[in-house]
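In this text, residue positions in the sequence shown follow my numbering: the first is 38, and each later residue adds one. We put the beta carbon where it would ideally sit given N, CA and C, even for glycine.
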Amino acid sequence: MYPKSLVTLIDSFKLLPGVGPKTAERMALHTLKLKDEAVKDFAEALVNVTESITDCEICHHITDDKLCNVCSDNTRDKSVICIVEHSKDVIALEKMNAYHGLYHVLGGSISPLDGIGPDDLNLRSLIIRLQNNDDVKELILATNPTIEGETTALYLKKLLGETDLTITRIAHGLPVGGDLEYADEITLSKALEGRREL
């Protein structure tokens with residue numbers, strides 16, 4: 038139905054998360070309407086990002102330099118490290134502009150069903166980082182509130198529990214503006230566990 042080059046482009050767009058066959062088709066057809074210069078710039082941006090983006094040598098957050106913008110910022114609070122699963126979590130936390138400590142990106146979460154164990158995560162570099170840094174006083178476990186995220190948080194607590202570090206977990210519960218009747222049991226349970234005095 039479509040020329041081979043267009044089918045290849047549609048299949049390429051389908052590799053992106055959240056892009057199904059119809060969306061990929063629309064995107065590919067829209068690409069045909071773009072000016073040649075815009076298409077070349079888009080293709081160049083795709084090639085550049087895959088060639089220049091790497092992991093930060095310290096925290097494993099994405100960067101196009103040896104150190105990410107967080108690790109290279111001398112104004113950050115070096116006594117706190119927030120442990121997250123992915124770089125997108127760092128970006129989400131940075132957008133709120135309320136946390137000013139450091140990060141450590143695990144690169145995923147423990148998931149035996151998917152064949153992902155502790156050795157597949159950036160845990161060894163975290164241990165080395167903590168051994169070589171006396172400034173760190175607190176670790177914030179900010180893994181996702183999923184079974185895999187909870188498993189990872191519990192593993193980290195057990196792994197690091199013998200240290201003098203304060204280990205905290207981000208709170209989970211009801212979103213602002215949410216109704217109790219629409220919340221699932223796990224969310225309600227976490228909301229009750231995380232209650233605090235007014």
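- In the structure shown, Leu-191 falls within a helical segment according to DSSP collapsed to helix, strand and coil.
- In the structure shown, the three-state DSSP call for Thr-68 is helix.
- Shortest Cα-Cα distance from Ile-164 to any of Leu-150, His-141 and Ser-148 involves His-141.
- Assigned with DSSP and collapsed to three states, Val-76 falls in helix.
- The residues Ile-99, Thr-100 and Asp-101, in chain order, have a CB closer than 8 Å to that of Ile-90 in the same chain once the five nearest residues on each side in sequence are set aside.
- A residue is called buried once 16 or more other Cβ atoms fall within 10 Å of its Cβ, and Val-127 is buried on that count.
- Scanning the segment 73-115 from its first residue to its last, no whole beta strand (DSSP E) run of 3-plus residues comes out.
- The beta carbon of Glu-185 lies closer than 7 Å to those of Ser-146, Ile-147 and Ser-148 in the same chain, with the five residues before and after it left out.
- Excluding the 5 residues flanking it on each side, Thr-189 has same chain C-beta neighbours closer than 6 Å at Ser-146, Ile-147 and Thr-180, in chain order.
- If you draw a straight line from the Cα of Lys-103 to the Cα of Asp-92, it is about 8 Å long.
- Cα atoms of Ile-95 and Cys-119: separation of roughly 13 Å, rounded to the nearest angstrom.
- From the listed residues Thr-203, Asp-156, Val-84 and Leu-52, the smallest Cα separation to Asp-172 is found for Thr-203.
- The DSSP-derived three-state label of Arg-206 is strand.
- Cβ atoms of Lys-227 and Pro-182 come within 8 Å of each other, at about 7 Å.
- The C-alpha of Glu-88 is placed about 24 Å away from the C-alpha of Ser-42.
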